[in-house]
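Following my numbering, the residues of the sequence shown are numbered contiguously, the last one being 244.
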Amino acid sequence: MSDDLFELGERIAQLAASINIATLDMLTLVAEFDRREGWADNFTSCAEWLAWRTGRTLAAARENVRVAHAMEELPLTAEVMKSGQLSYTKVRTMTRVATPETEGTLLKYAQSTSAARLEWLVRGWKTLSRDGELAAEEVRHQSRTFSVAIDAD
């Protein structure tokens, strides 16, 4: 690869990192705007306002609001995104299943794989989570009891 093409690639990567940082800044502001109900005078939701104000589809705006609030609970993810090393695409995918307890593991995957592979992993993670919930519910169901007390009155 020629030096000028390498330099062009570096500029693209730097710009992508800047976009990641700016996106986190926007998400932080969206969460605050929603919390303070800045949209409430003329709109029914923050997502509706965001779609109108930024030219996004309502579906994209809803996803932005969801991710914005999820990021408040995921400080490690926010830190990596603030460094420019994590894209919104990966963050959006992670926040579908991430909790403060699972954030570190998911973050390691996100940093070491493609966005498409992370999406595949999260789909599997969701399936495993549902299976685990179903198994726990089955245990609760099997261990239920019924008792009757006869009152002397």
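Virtual Cβ for every residue (Gly too), placed ideally from N, Cα, C.
Legend entry - For L167, the three-state DSSP class (helix, strand or coil): The three-state secondary structure of L167, taken from DSSP, is helix.
Inset, instruction - State the Cα-Cα distance for the pair E101 and A113, rounded to the nearest angstrom. - result: Linking E101 to A113 through their CA atoms gives a straight-line distance of about 18 Å.
Inset, instruction - Can you say whether D125 is buried or exposed, counting buried as having 16 or more other CB atoms within 10 angstroms of its CB? - result: Burial call: buried.
Inset, instruction - May I ask which residues mark the beginning and end of the alpha helix (DSSP H) holding I112? - result: D94 to R126 is the extent of the alpha helix (DSSP H) around I112.
Legend entry - Cβ distance (whole Å) where P191 is taken to contact E164 below 8 Å: Cβ-Cβ separation between P191 and E164: approximately 6 Å, consistent with a contact (criterion under 8 Å).
Inset, instruction - Report yes if the C-beta distance between L177 and N111 is below 9 Å; otherwise report no. - result: Going by C-beta atoms, L177 is nearer than 9 Å to N111.
Legend entry - Assigned secondary structure, S203 (DSSP; H/G/I helix, E/B strand, else coil): In the structure shown, S203 sits in a helix (DSSP, three-state: H, G or I).
Inset, instruction - Please say whether T186 and A206 have beta carbons closer to each other than 9 Å? - result: No, they are not a contact pair.
Inset, instruction - Ignore the nearest five residues each way along the sequence and tell me which others in A169's own chain have a CB closer than 7 Å to its CB. - result: Excluding the 5 residues flanking it on each side, A169 has same chain C-beta neighbours closer than 7 Å at L115 and M162, in chain order.
Legend entry - Residue span of the alpha helix (DSSP H) that contains A151, given as start and end: In the DSSP assignment, A151 falls within the alpha helix (DSSP H) that extends over L149 to M162.
Legend entry - Span separating the alpha-carbon of A189 from that of V121: About 20 Å.
Inset, instruction - Tell whether a beta-carbon distance below 9 Å holds between A142 and A151. - result: Yes, these two residues count as a Cβ contact at 9 Å.
Legend entry - Whole-angstrom C-beta distance between G175 and S109, which should lie under 8 Å: With a contact defined as Cβ atoms closer than 8 Å, S109 and G175 qualify at about 7 Å.
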